[in-house]
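Step one of this worksheet: look at the structure below.
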Amino acid sequence: MDFQNKKVLVVYFSRAGKNYLSGRIISLRVGNTEQLAKIIASQTGGDLFKVERKEAYDDDYYRCTEEAKKEQDEKARPALKEHMKDLSSYDIIFLGSPDWWSSLPMPLFTFIEENKRLEGKEVYPFITHEGSGMGHILNDLKKECPKAIIHDGLAIQGSYVMDSATVVRDWLKSL
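In this note's numbering, each residue's number is its place in the sequence shown (first place is 1) plus 1221.
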C-alpha cells in the first residue's frame, strides 16, 4: 500500500514498567506495543496517539493484571488521560495493543467508543503477545466497530519487537 497519499494514525495502548516477557517479569522502560507503534509510524509517516488510562494501572505486574482482568470481566470503560475526538482527517488507523486475555485492554474500547466506533475507517490491528497471538481481537473489533473495515493484523511476540522492523516492512508492503 502506498502510504504517501494516505493520512495515517497509529493509535496504541502500551504498558511500560513490570511486564511478563520471555517467561519472566522484567521492567521495560518503553512497552513493547509502544516500540512497535513507533516502528509502524516511522515506516508509514503516520501520526502517533497513545491511549492512556486516566488512573494508571498498578506498577506491580500481578496487581495490574488483576485490575485489568476485573475491568474486562465488567466490560468497564475506564476514563482516559487524553482524548482524540476527531479522526475525520485520517484514512487509515493502525490500532495497537498487547493481547490481554485474548482481547484488547479496556482503555482501547473507551477510545473506540469515544471515536464513533471508528466508523468508515480502515483499521489494521497490531498486537504484541507472549505466545497467544491475536486471540479473538479481530472478532472483538468487528463486533465493536461494525461500520469500520477491520483488516487482518500483525501479531509479534514481545521479545521480538526490537528486531521487527523487517517484519513490519514486509507486512506493510503486503497491505
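Glycine included, every Cβ here is placed at the ideal spot set by N, Cα and C.
Mapping the DSSP letters down to three states, classify K1227 as helix, strand or coil.
coil
Could you spell out where the beta strand (DSSP E) holding E1343 opens and where it closes?
Looking at the DSSP string, the run of the beta strand (DSSP E) that includes E1343 is 1343-1350.
Only counting the same chain, and skipping five residues up and downstream in sequence, which positions put a Cβ closer than 7 Å to that of L1257?
G1317, F1347, T1349, I1377, V1382, S1385
For the stretch 1249-1325, which segments carrying the alpha helix (DSSP H) assignment without a break, of at least 4 residues, lie completely within its bounds, in sequence order?
For the stretch 1249-1325, the continuous alpha helix (DSSP H) assignments of 4+ residues that do not extend past its boundaries occur at 1253-1265, 1282-1295, in sequence order.
Using the Cβ count rule (16 or more neighbours within 10 Å means buried), how would you classify G1374?
The residue in question, G1374, is buried, as its Cβ has 16 or more Cβ neighbours within 10 Å.
Nearest-angstrom Cα distance between M1355 and K1296?
Taken atom to atom, the span from the alpha-carbon of M1355 to that of K1296 is near 19 Å.
Just to check my reading of the structure: E1273 and K1302 have Cβ atoms closer than 8 Å, yes? What is that Cβ distance to the nearest angstrom?
4 Å
Buried or exposed, going by whether 16 or more other CB atoms sit within 10 Å of the CB of S1235?
buried
Which value, in whole angstroms, describes the spacing of the CA atoms of G1341 and N1253?
28 Å
Give the straight-line distance between the Cα atoms of E1351 and K1290, rounded to the nearest whole angstrom.
17 Å
Would you say Y1233 and K1271 are within 8 Å of each other, going by their C-beta atoms?
By the CB criterion at 8 Å, Y1233 and K1271 fall inside the cutoff.
Report the rounded CA-to-CA distance for K1337 versus K1363, giving the unit in angstroms.
Their Cα atoms are separated by approximately 14 Å.
Check G1356 in the structure and name its three-state DSSP category.
Residue state, collapsed to three classes: coil.
Counting C-beta neighbours from all protein chains within 10 Å, is the total for G1244 16 or more, i.e. buried, or is it exposed?
exposed
Between the Cα of A1277 and those of D1391, A1237, M1222, V1344, spot the shortest distance and give me the residue it belongs to.
A1237
Helix, strand or coil for L1438, going by three-state DSSP, please let me know.
Within the shown structure, residues of the chain are numbered from 1222 to 1396, placing residue 1438 beyond reach of any answer.
Measure the alpha-carbon distance for S1380 versus F1332 and round it to whole angstroms.
27 Å
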